[in-house]
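Since the structure comes first, as structure tokens, the remarks are kept for the end.
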Amino acid sequence: MSFSNAFTSAGRSSKRNPLLEAISLESANQEGASCSRRLISYVLRWCIDRKLVALGRQLHALAVESKIECDVVVASYILRMYAACGNVEDSYAVFSYMHEPDIYLWSAIILAYTNAGQTSKAIQLYQSMLGAQKLRPDAHILVAVLKACASSHALSEGKLVHAHSTESGLELVLHVGNILIDMYVRFGCLKDAQAVFDRMPRKDVVTYNALIAGYSSDGHGDKVQALCQKMQEEGIEPDNMTFLSLVRARNSRDNNNLDLNLAPIPTSWKLVYASELFKNLRNRSLASWSAMIAMYAEHGSQMKALSLYFDMLQEDLNPDRITFICVLKACSDLEVVKLIHYHIIESGCEIDLQVYNCLIDVYGQGGFLADARMLFDNMHSRCVVTWTSMISAYACYGSDQHAIGLFSKMLEDGVKPNEVTCLSAMRSCINMAALILGYAIYALVIESCFDSYVLVSNTAIDMFSKCNSLSDAYSVFQGMSKHTVVSWSTMISAYVQHGEHELSIGCLNGMLQEGIKPNPVIFICMLSVCYHLGFVDQGNYYLNAMENVYGIKPTLQHRNCLIELYGRTGQLKEATDLLQGMPNELDIVAWMSLLNQCKVHGNANLAKHCFDSITNVNLED
DNA sequence: ATAGGGTTAG
Numbered sequence: 003m004s005f006s007n008a009f010t011s012a013g014r015s016s017k018r019n020p021l022l023e024a025i026s027l028e029s030a031n032q033e034g035a036s037c038s039r040r041l042i043s044y045v046l047r048w049c050i051d052r053k054l055v056a057l058g059r060q061l062h063a064l065a066v067e068s069k070i071e072c073d074v075v076v077a078s079y080i081l082r083m084y085a086a087c088g089n090v091e092d093s094y095a096v097f098s099y100m101h102e103p104d105i106y107l108w109s110a111i112i113l114a115y116t117n118a119g120q121t122s123k124a125i126q127l128y129q130s131m132l133g134a135q136k137l138r139p140d141a142h143i144l145v146a147v148l149k150a151c152a153s154s155h156a157l158s159e160g161k162l163v164h165a166h167s168t169e170s171g172l173e174l175v176l177h178v179g180n181i182l183i184d185m186y187v188r189f190g191c192l193k194d195a196q197a198v199f200d201r202m203p204r205k206d207v208v209t210y211n212a213l214i215a216g217y218s219s220d221g222h223g224d225k226v227q228a229l230c231q232k233m234q235e236e237g238i239e240p241d242n243m244t245f246l247s248l249v250r251a252r253n254s255r256d257n258n259n260l261d262l263n264l265a266p267i268p269t270s271w272k273l274v275y276a277s278e279l280f281k282n283l284r285n286r287s288l289a290s291w292s293a294m295i296a297m298y299a300e301h302g303s304q305m306k307a308l309s310l311y312f313d314m315l316q317e318d319l320n321p322d323r324i325t326f327i328c329v330l331k332a333c334s335d336l337e338v339v340k341l342i343h344y345h346i347i348e349s350g351c352e353i354d355l356q357v358y359n360c361l362i363d364v365y366g367q368g369g370f371l372a373d374a375r376m377l378f379d380n381m382h383s384r385c386v387v388t389w390t391s392m393i394s395a396y397a398c399y400g401s402d403q404h405a406i407g408l409f410s411k412m413l414e415d416g417v418k419p420n421e422v423t424c425l426s427a428m429r430s431c432i433n434m435a436a437l438i439l440g441y442a443i444y445a446l447v448i449e450s451c452f453d454s455y456v457l458v459s460n461t462a463i464d465m466f467s468k469c470n471s472l473s474d475a476y477s478v479f480q481g482m483s484k485h486t487v488v489s490w491s492t493m494i495s496a497y498v499q500h501g502e503h504e505l506s507i508g509c510l511n512g513m514l515q516e517g518i519k520p521n522p523v524i525f526i527c528m529l530s531v532c533y534h535l536g537f538v539d540q541g542n543y544y545l546n547a548m549e550n551v552y553g554i555k556p557t558l559q560h561r562n563c564l565i566e567l568y569g570r571t572g573q574l575k576e577a578t579d580l581l582q583g584m585p586n587e588l589d590i591v592a593w594m595s596l597l598n599q600c601k602v603h604g605n606a607n608l609a610k611h612c613f614d615s616i617t618n619v620n621l622e623d
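The opening residue of the first sequence carries number 3 in the numbering used here; numbering runs sequentially from there.
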């Protein structure tokens with residue numbers, strides 16, 4: 003096999019190619035058939051960069067032919083070539099063929115296994131290197147094996163390798179320190195990560211990013227902020243990764259049901275800081291654009307999200323499937339949805355299931371049920387999310403017959419609903435007050451163990467309550483292993499809805515005993531209980547406690563409850579005072595309710611005042 | 001040599 007044949011057979015020939023030039027130079031120097039190690043290494047590197055395994059194999063054969071395959075440099079290139087092309091087994095064959103692999107070969111084979119995801123093999127090789135050879139690990143090997151430990155959660159091995167790093171004095175070498183921080187962050191050992199960070203004499207953007215990622219996914223907004231500041235002070239410019247770490251804090255979806263104590267980074271802070279960082283980002287990656295778009299879309303600033311998307315297009319960046327998923331969240335206007343839909347078709351992303359699901363969702367959530375259904379019907383393959391998106395669109399717009407019809411068709415088709423599907427189906431039961439159907443869906447919930455999702459159980463409480471079965475609502479509540487404040491408030495509202503005022507107060511006390519802080523909804527319930535029972539003092543007490551003990555600012559709705567309570571008990575003066583003390587809050591409901599009480603209690607002057615206020619409100623509207 | 005943006009509900 004001739005060299006140039008090997009090359010052209012890989013289909014990479016062109017007129018002025020550095021490779022071809024190198025080959026002709028080489029053949030001018032050496033008249034024989036054999037190739038030098040320098041040339042083979044050079045072309046192997048070419049293969050590594052472009053993942054050309056076919057050409058690589060021929061070069062390997064050529065190396066054997068030229069009897070240079072045992073040269074450590076050539077061997078390490080061949081090894082890395084196979085690894086880059088995803089053939090770790092071939093890499094290992096090359097490695098094991100060597101009689102005395104040097105430190106570079108060890109590091110290459112360990113890295114090859116690490117990158118291939120075969121981390122235990124990588125760690126095992128590292129151990130055999132230490133055992134069988136007189137070799138001491140260098141920084142490259144440490145990085146490779148630490149990476150393996152980090153990605154496979156090998157805690158004890160990772161700590162051992164850390165100890166080796168310290169012994170060899172390589173712990174604080176930039177790249178070793180960086181991967182150590184990354185490893186501890188992945189293990190959730192933020193203290194160890196911070197300790198390495200503090201000892202490192204030289205840090206770069208990666209060092210900071212690693213630690214920022216750790217703190218932001220753990221909700222330590224203050225630490226993130228301080229680190230961002232410190233890095234800028236040290237003249238290290240934040241990059242895409244810094245930005246993404248910051249945004250990632252939001253995405254710890256798996257914490258949804260598990261850890262409720264997780265302190266979230268305040269959205270307002272994150273939004274301000276992230277957008278500031280994004281503005282100053284020099285080479286914005288597609289990922290960063292998408293993350294920023296998603297961030298705006300999810301926090302209500304749809305216009306900003308969309309304008310960012312168009313800015314991105316202006317910069318000649320091509321959106322990919324994830325960008326589309328992000329930007330679709332920012333669409334509610336039909337024309338905009340259609341435009342993005344057109345972009346999606348243009349880019350060929352329509353065949354992507356996730357993107358397609360998002361399209362169904364966005365048409366559905368916008369109320370364009372027929373459009374959504376048409377997409378749904380035209381699909382060649384559907385998954386749970388597809389069905390769920392369509393069902394929740396129906397449930398959301400009160401097309402409950404369609405929602406339930408589709409739900410049962412889904413079951414007929416043998417698609418297993420998940421917890422979200424059940425949530426939407428329960429929503430329709432609530433809308434229809436369909437108790438029997440509710441039982442059937444709840445049976446499915448229990449059978450599938452979805453009741454472990456707090457959200458599902460909370461919805462079930464609400465469903466049974468609204469379907470007029472307080473006892474079932476309570477038994478769901480009672481059976482829950484963990485109650486959130488929403489569980490309590492749902493149960494309390496259930497009692498209030500059924501006129502069980504004493505029970506609702508008992509429930510509130512039970513909640514307080516468990517040390518759970520009430521939320522605004524609970525106070526509305528309690529004020530409404532006071533209204534029904536005519537407990538003015540208690541009502542005052544709640545409004546006071548709400549503001550001064552729990553730091554919840556009373557809303558219009560809270561004040562209205564209390565005004566109604568005053569009105570009902572004939573304390574019209576107090577009602578008027580409270581109503582007039584409401585700054586910039588024009589509320590017809592409260593005035594109307596007070597007007598009504600004026601009639602009951604026969605106060606004509608105040609009635610006139612109420613009437614005027616109502617007309618003023620109308621005029622200003 | 002390090003690291004990444006995401007679907008259904010709320």
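Ideal Cβ placement from N, Cα and C applies to all residues, glycine included.
- Between L336 and G368, the C-beta spacing is below 8 Å.
- Every alpha helix (DSSP H) of 4 residues or more that sits fully in the segment 133 to 196 is shown, in chain order, as 141 to 153, 157 to 169, 176 to 189.
- Each residue's CA atom was taken as its position, placing S247 and P240 some 11 Å apart.
- One alpha carbon belongs to C532, the other to T269, and they sit about 35 Å apart.
- Around the beta carbon of D579, fewer than 16 other beta carbons lie within 10 angstroms, which makes this residue exposed.
- Distance from the CA atom of T557 to the CA atom of V456, rounded to whole angstroms, is 27 Å.
- Within the same chain, and ignoring the five residues on either side of D464 in sequence, the residues whose Cβ sits closer than 6 Å to its Cβ are T492.
- Selection N380, I324, A77 evaluated against L46 yields A77 as nearest (Cα-Cα).
- Judged by DSSP in its simplified three-state form, G501 adopts coil rather than helix or strand.
- Counting along the chain, the unbroken alpha helix (DSSP H) around E421 starts and ends at 421 to 434.
- Distances from the CA of Q129 to each of L341, F525, C151, G119 were compared; the closest alpha carbon is that of C151.
- Only residues of its own chain outside the window of five on either side were considered, and among them M513 have a CB closer than 6 Å to the CB of W490, listed in chain order.
- Cβ neighbours of M412 within its own chain (closer than 7 Å, five residues either side excluded): W389, P419.
- With respect to the C-alpha of E348, the residue from R323, S401, S467, G171 having the closest C-alpha is R323.
- Leaving aside the five residues that flank C49 on each side, the residues in its chain whose CB is nearer than 6 Å to its CB run, in chain order, L57, G58, M83.
- Excluding the 5 residues flanking it on each side, S471 has same chain C-beta neighbours closer than 7 Å at L437, in chain order.
- In this structure V90 does not touch A65 by the C-beta definition: roughly 19 Å separates them, more than the 8 Å allowed.
- Residue nearest to L574 within the set N605, M594, C563, L545 is N605 (criterion: CA-CA distance).
- Runs of the alpha helix (DSSP H) lying entirely within the segment 545 to 575, each at least 4 residues long, are 558 to 570 in chain order.
- Using a Cβ distance threshold of 8 Å, N180 and V226 do not count as a contacting pair.
- Residue range 522 to 535 is occupied by the alpha helix (DSSP H) that includes H534.
- A374 and N359 have their C-alpha atoms spaced approximately 10 Å apart.
- Cβ contact annotation for M233 (same chain, cutoff 6 Å, sequence separation greater than five): Y210, in chain order.
- Shown here, A118 sits in coil according to DSSP, grouped into three states, outside any helix or strand.
- DSSP assignment within the segment 327 to 386 yields the following whole alpha helix (DSSP H) runs of 4 residues or more, N-terminal first: 336 to 349, 355 to 367, 371 to 380.
- Residue ranges of uninterrupted alpha helix (DSSP H) with 4 or more members, entirely inside the segment 442 to 481 and ordered along the chain, are 456 to 468, 472 to 481.
- Q316 sits exposed, since fewer than 16 C-beta atoms from the chains shown fall within 10 Å of its C-beta.
- Annotated three-state conformation of R52 is helix, per DSSP.
- A buried status is given to A577, since no fewer than 16 other beta-carbon atoms sit within 10 Å of its beta-carbon.
- For R284, there is no enclosing alpha helix (DSSP H), as DSSP marks it with neither H nor E.
- Shown here for A475: same chain residues with a beta carbon closer than 6 Å to its own, the five before and five after excluded, namely I463, F466, S467, A496 in chain order.
- Under the DSSP assignment, T486 falls outside any alpha helix (DSSP H); it carries neither an H nor an E label.
- One thing to note: D194 has its Cβ no nearer than 8 Å to the Cβ of A212.
- Nearest neighbour of K205 by Cα position, chosen from M100, L176, L113, turns out to be L176.
- Considering only I105, V488, Y94, the residue with the shortest C-alpha distance to V74 is I105.
- Here the C-alpha atom of M594 lies approximately 29 Å from the C-alpha atom of N550.
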